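Per numbering that gives the first Met the number 0, the sequence shown starts with residue 0, numbered consecutively. Idealized CB from N, CA, C, for every residue including glycine. Owing to the predicted nature of the structure, the values given are computational and were not obtained by experimental measurement. The next block holds one structure in the form of structure tokens; read it before the comments.
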Amino acid sequence: MNDRITRRFFLSASIVLPLTVDLPLDASAQAAATCSTAKSTRPETGGPNFKPRSPERQSLLEPGIEGRRLILTGSVMTTGCRPIARALLDFWHANPAGQYDNTGFRLRGHQYANSEGSYQLETIVPGPYAGRTRHIHVKVQAPGGTVLTSQLYFPGEPANVRDGLFARELLMTMIDSTDPLQMQFDFVVVA
Ligand code: FE
């Protein structure tokens with residue numbers, strides 16, 4: 000009798016055990032599968048309005064800057080989905096009238112991702128200009144890595160489809176459409 004109970008217990012335990020062990024393995028295997036498919040962020044031209052040596056700042060807001068407030072958050076990671084601590088991000092974009100400040104550094108700034116590879120940019124929504132839909136220019140670089148130059152686009156812009164540089168994979172994700180507008184974008188670069 001005791002033997003039967005023990006045996007039955009053993010059988011049910013041997014059925015249950017692999018399930019409890021399999022769950023975390025499945026989860027990590029799934030994460031690994033996602034990581035292995037991570038492609039580097041598509042590069043795009045920096046255009047004629049890049050200026051080196053922008054000020055280091057997370058917020059591009061300053062007196063005289065008017066427009067719809069935008070907060071962009073995200074992370075910088077390797078193609079293996081490892082976060083890149085202290086990755087450099089340099090942002091620049093046009094004002095609501097579609098003009099760049101090429102004499103000073105308005106709406107230009109660089110920053111470093113934190114120890115988890117996360118960044119946050121506070122700015123305003125740029126305006127479109129001749130031939131271009133609304134966009135944000137960016138350079139991203141892992142410490143000691145090569146520079147990725149690209150552009151980010153806003154979802155739902157009618158001019159997106161008329162812009163030859165527009166790429167769907169560079170669309171930011173809308174997190175909150177109220178005030179401030181909140182967008183998200185994760186960069187994948189070669190470290
Ligand atoms: Fe531009």
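Item                                                                                                                                                              : Value
Look up R161 in the DSSP assignment and say whether it is helix, strand or coil.                                                                                  : helix
For ligand 1, is there any heavy atom lying closer than 7 angstroms to the beta carbon of G73?                                                                    : no
Could you pull out every residue in the same chain whose Cβ sits closer than 8 angstroms to the Cβ of N94, ignoring the five residues on either side in sequence? : I64, G66, D100, R105, L106, I123, P125, G126
Taking just the CA atoms, how far does E61 sit from E168?                                                                                                         : 31 angstroms
Using the beta-carbon count (16 or more within 10 Å), is L24 buried or exposed?                                                                                   : Bear in mind that the predicted position of L24 carries a pLDDT of just 37, short of 50, making it too unreliable to give a figure here.
Measure the alpha-carbon distance for S39 versus G79 and round it to whole angstroms.                                                                             : 10 angstroms
Looking only at its own chain, which residues have a Cβ that is under 7 angstroms from the Cβ of A26, when we skip the five neighbours before and after it?       : At A26, the pLDDT of 37 sits below 50, so the modelled position is not reliable; the number obtained from the coordinates is stated separately. So the list is empty, once near-sequence residues are dropped.
Taking only the alpha-carbon atoms, compute the straight-line gap between I70 and E156 and give it to the nearest angstrom.                                       : 18 angstroms
Would you identify the three-state DSSP class for R167, choosing helix, strand or coil?                                                                           : helix
Flag this pair as yes or no: are the beta carbons of A84 and G108 separated by less than 8 angstroms?                                                             : no
Using 7 angstroms as the cut-off, classify the Cβ of A93 as near or not near the heavy atoms of ligand 1, replying yes or no.                                     : yes
Is F49 helix, strand or coil when you go by DSSP?                                                                                                                 : coil
Helix, strand or coil: how does DSSP classify T177 here?                                                                                                          : coil
Is H136 helix, strand or coil by DSSP?                                                                                                                            : strand
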